[in-house]
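Colleague: Chains V and Y, in that order, are what the protein sequence lines are. The first sequence maps to residues 1 to 228 in my numbering. The second sequence maps to residues 229 to 452 in my numbering. A virtual CB, placed ideally from N, CA and C, is assigned to each residue, including glycine. These numbers come from a predicted model, not from an experiment. Let me begin by handing over the structure; questions about it come next.
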Amino acid sequence: MLTFVDSVQEAVAGIKDGSTVMIGGFGNAGQPFELIDALIECGATDLTVVNNNAGQGDQGLALLIKEGRVKKMICSFPRQSDSWHFDAKYKAGEIELELVPQGNLAERIRAAGAGIGGFFTPTGYGTMLAEGKETRIIDGRGQVFETPIHADVALIKALKADGKGNLVYRKTARNFGPIMAAAAKQAIVQVSEIVPTGALDPENVVTPGIYVNTVVRVPAGASAEKVA
Amino acid sequence: MSTATTLQTSATPLGRDDLARLVARDIAPGSFVNLGIGQPTLVSNYLTEDQNITLHTENGMLGMGPEAQGEEIDEDLINAGKIPVTELPGASYFHHADSFAMMRGGHLDICVLGAFQVSATGDLANWHTGAPGAIPAVGGAMDLATGAKDVFVMMTLLTREGASKMVESCTYPVTGVGCVTRVYTDKAVFLTGPDGVTVRETFGCTLEELQELVPVPLKAAVDG
């Protein structure tokens with residue numbers, strides 16, 4: 001069921017300890033900072049987090065990791081010049097890492113939302129990231145079996161929602177939003193603007209409302225000081 | 229079949245910008261291209277309007293324009309290196325699974341990547357040194373290496389210590405197996421494939437001098 005809530009605190013209140021949480025965004029583009037701040041505030045811990053990265057600087061996902069709430073990261077690119085909170089936890093052995101090639105990460109998330117039990121892909125074949133995985137030669141190419149990644153919750157940032165929960169995004173901030181919304185049992189979305197039902201051109205809807213559970217409005221620029 | 233060599237030789241090694249210009253010149257008009265982070269990004273400076281190249285960035289865009297400056301900077305519009313960029317007329321946005329499906333599905337003509345090592349049979353190592361304690365990060369490297377129709381590598385031929393990065397087999401963890409089709413270096417352009425390594429051009433050295441540096445058998449490119 002779709003609900004519209006008044007605060008980010010209310011939006012994340014149902015997230016339980018031990019949940020798998022997908023967090024949208026590629027770097028800072030599309031990262032739902034306000035929802036992550038609320039998740040830190042609500043205290044849920046022992047989380048498995050799925051994101052392309054493992055946090056940057058001193059904000060958003062990086063802070064969730066710093067606070068020790070994340071027991072495992074599933075991501076493609078944890079190490080960056082400013083991923084110091086992840087780096088420290090990893091070196092201290094306090095966080096588990098499942099490293100996944102970026103396209104496999106995206107397709108495994110997509111597969112979960114589409115009800116696919118797994119797929120064979122040439123990406124990673126013959127590399128250490130395929131060690132221990134089932135392989136086959138298909139059409140003359142070595143391919144690796146990959147399984148879907150499901151989540152309890154997805155935290156997503158979009159540009160606009162209408163009254164049916166239909167979403168549109170902005171530029172490259174779209175990134176993981178549409179596939180994470182489908183892959184999680186509960187998709188919690190922060191938007192800059194909620195428009196009346198009928199105000200979005202149905203031809204341009206990117207995420208149909210069927211995938212969306214909770215919508216909260218966070219005006220654009222509310223966290224402008226956070227974006228260095 | 230003629231056996232006349234088509235090997236070209238120039239007097240001096242190529243600088244980074246000359247190499248980028250050469251790669252740009254070799255990209256067929258109308259191609260869809262992904263340029264990796266670092267040296268490959270320089271190639272975009274030398275693509276001409278007549279070539280009508282469409283640049284792909286794997287975080288979800290076709291029709292990427294130059295790096296954004298001043299007021300153009302928009303936190304929602306970045307490339308795979310997380311650098312603010314611009315959009316060109318005719319650009320499109322799509323989610324991550326679509327972006328990698330167009331790569332894996334063979335729709336991308338060329339990707340240009342950096343490398344630690346390339347093997348005689350076109351194996352690529354560019355994601356991980358394998359050093360103990362290093363935090364591994366792969367990003368889209370493996371997807372790019374296996375997805376594009378042609379994988380061009382740009383690198384210096386030698387490491388700082390003078391070792392060849394063209395090797396019999398990679399000692400670093402591989403990114404993809406048999407995926408590299410061409411290697412552009414400061415000293416030569418190599419074509420790699422199941423039949424071994426062919427040298428198309430040398431810069432500032434002869435084929436014989438090049439062979440002294442590279443521990444894999446090299447042959448000169450021939451007509452036909």
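#1: Going by Cα to Cα distance, which pick from V:Lys-164, V:Ala-173, V:Arg-170, V:Val-218 is closest to V:Gln-190?
#2: What are the start and end residues of each continuous beta strand (DSSP E) run of 3 or more residues lying completely inside the region 127-173 of chain V, in chain order?
#3: Using a Cβ cut-off of 8 Å (strictly closer), state whether Y:Glu-303 contacts chain V.
#4: Count the other CB atoms within 10 Å of the CB of Y:Asp-351; is the residue buried (16 or more) or exposed (fewer)?
#5: Does V:Ala-224 pass the burial test, meaning 16 or more other C-beta atoms within 10 Å, or should it be called exposed?
#6: Exposed or buried, which one is Y:Gly-243 when buried takes at least 16 other CB atoms within 10 Å?
#7: For V:Val-189, does the three-state DSSP call read helix, strand or coil?
#8: How is the beta strand (DSSP E) around Y:Asp-378 delimited, first residue to last?
#9: What does Y:His-284 pair with, by DSSP beta-bridge criteria?
#10: In its own chain, which residues sit with a C-beta less than 7 Å from the C-beta of Y:Pro-443, not counting the 5 before and 5 after it?
#11: Can you say whether V:Lys-185 is buried or exposed, counting buried as having 16 or more other CB atoms within 10 angstroms of its CB?
#12: Do you know how far the Cα of V:Gln-59 is from the Cα of V:Lys-226?
#13: What is the residue span of the alpha helix (DSSP H) that V:Tyr-125 lies within?
#14: Taking DSSP's pairing of strands, which residues face Y:Lys-447 in a bridge?
#15: In the DSSP assignment, find the alpha helix (DSSP H) that holds V:Met-22 and state where it starts and stops.
#16: If we define contact as Cβ-Cβ less than 8 Å, is Y:Ala-296 a contact residue for chain V?
#17: What is the DSSP secondary structure of Y:Val-395, reduced to helix, strand or coil?
#18: As an exercise, report each continuous beta strand (DSSP E) stretch of at least 3 residues that is fully enclosed by the region 318-363 of chain Y, in chain order.
#19: In three-state terms, what does DSSP make of V:Pro-202?
#20: Can you give me the C-alpha to C-alpha distance between V:Pro-208 and V:Gly-165, rounded to a whole angstrom?
#21: What's the C-alpha gap between V:Ala-182 and Y:Val-313?
#22: In whole angstroms, what separates the C-alpha of Y:Val-251 from that of V:Lys-16?
#23: For Y:Glu-286, which residues in chain V fall below 8 Å Cβ to Cβ?
#24: What does DSSP give as the partner residues of V:Cys-42 in its beta bridges?
#25: Roughly how many angstroms separate the alpha carbons of V:Pro-196 and V:Ala-161, rounded to a whole number?
#26: Judging by CA-CA distance, which residue of Y:Asp-423, Y:Pro-422, Y:Gln-439, Y:Gly-424 is the nearest neighbour of Y:Thr-430?
Modeller: Well, looking at it:
#1: Counting from one through the first sequence, the residue named residue 190 of chain V turns up at place 190. Of the candidates V:Lys-164, V:Ala-173, V:Arg-170, V:Val-218, the one whose C-alpha sits nearest the C-alpha of V:Gln-190 is V:Val-218.
#2: Complete beta strand (DSSP E) runs here, min 3: 135-138, 141-146, 151-161.
#3: As a first step, residue 303 of chain Y must be located in the second sequence, where it is residue number 75. Yes, because at least one Cβ of chain V sits closer than 8 Å to the Cβ of Y:Glu-303.
#4: Start at 1 with the first residue of the second sequence, and residue 351 of chain Y comes out as number 123. Classification for Y:Asp-351: buried.
#5: In the first sequence, counting from the first residue as 1, residue 224 of chain V sits at position 224. Below a pLDDT of 50, predicted positions are generally treated as unreliable, and V:Ala-224, at 44, falls in that range; no measurement from the model is reported.
#6: Against the second sequence, residue 243 of chain Y aligns to sequence position 15. Counting the other Cβ atoms within 10 Å of the Cβ of Y:Gly-243 gives fewer than 16, which makes it exposed.
#7: The residue labelled residue 189 of chain V in the question sits at position 189 within the first sequence. It is a strand residue.
#8: Locating residue 378 of chain Y in the second sequence gives position 150, counting from the first residue. Residues 378-382.
#9: Taking the first residue of the second sequence as 1, we reach residue 284 of chain Y at position 56. Per DSSP, Y:Asn-262, Y:Leu-290.
#10: As a first step, residue 443 of chain Y must be located in the second sequence, where it is residue number 215. Within the same chain, Y:Pro-443 has close Cβ partners Ser-392, Val-395, Glu-396.
#11: In the first sequence, residue 185 of chain V corresponds to position 185, counting from 1. Exposed: under 16 other Cβ atoms inside 10 Å.
#12: In the first sequence, the residue the question calls residue 226 of chain V occupies position 226. In the first sequence, the residue the question calls residue 59 of chain V occupies position 59. At V:Lys-226 the pLDDT is 43, less than 50, meaning the model places this residue with poor confidence; the figure from the coordinates comes in the next sentence. V:Lys-226 and V:Gln-59 have their C-alpha atoms roughly 7 Å apart.
#13: One-based indexing of the first sequence puts residue 125 of chain V at position 125. Looking at the DSSP string, V:Tyr-125 is not in any alpha helix (DSSP H), and its letter there is neither H nor E.
#14: In the second sequence, counting from the first residue as 1, residue 447 of chain Y sits at position 219. The partner list for Y:Lys-447 (beta bridge, DSSP) reads Y:Thr-426.
#15: Locating residue 22 of chain V in the first sequence gives position 22, counting from the first residue. That residue, V:Met-22, is in no alpha helix (DSSP H); its beta strand (DSSP E) goes 20-23.
#16: On the second sequence, residue 296 of chain Y is found 68 positions in, with the first residue counted as 1. Interface flag for Y:Ala-296 against chain V is unset, since no Cβ pair is found closer than 8 Å.
#17: Locating residue 395 of chain Y in the second sequence gives position 167, where the first residue counts as 1. If DSSP states are grouped into helix, strand and coil, Y:Val-395 belongs with the strands.
#18: As summarised for the region 318-363 of chain Y, the continuous beta strand (DSSP E) elements at least 3 residues long and confined to that stretch are 338-341, 345-347, given in chain order.
#19: By one-based count along the first sequence, residue 202 of chain V stands at place 202. For V:Pro-202, the three-state secondary structure derived from DSSP is helix.
#20: Counting from 1 along the first sequence, the entry for residue 208 of chain V is found at position 208. Counting from 1 along the first sequence, the entry for residue 165 of chain V is found at position 165. Cα to Cα, the separation comes out at about 7 Å.
#21: One-based indexing of the first sequence puts residue 182 of chain V at position 182. One-based indexing of the second sequence puts residue 313 of chain Y at position 85. Taking the straight line from one Cα to the other gives about 29 Å.
#22: Translated into positions along the second sequence, residue 251 of chain Y becomes position 23. Translated into positions along the first sequence, residue 16 of chain V becomes position 16. Near 52 Å, if we compare the C-alpha coordinates of V:Lys-16 and Y:Val-251.
#23: On the second sequence, residue 286 of chain Y is found 58 positions in, with the first residue counted as 1. Within 8 Å Cβ-Cβ: Gln-102, Gly-103.
#24: Counting from one through the first sequence, the residue named residue 42 of chain V turns up at place 42. According to DSSP, V:Cys-42 bridges with nothing at all.
#25: Along the first sequence, read from residue 1 onward, the residue named residue 196 of chain V stands at position 196. Along the first sequence, read from residue 1 onward, the residue named residue 161 of chain V stands at position 161. C-alpha separation (whole angstroms): 9 Å.
#26: One-based indexing of the second sequence puts residue 430 of chain Y at position 202. Nearest option by C-alpha distance: Y:Gln-439.
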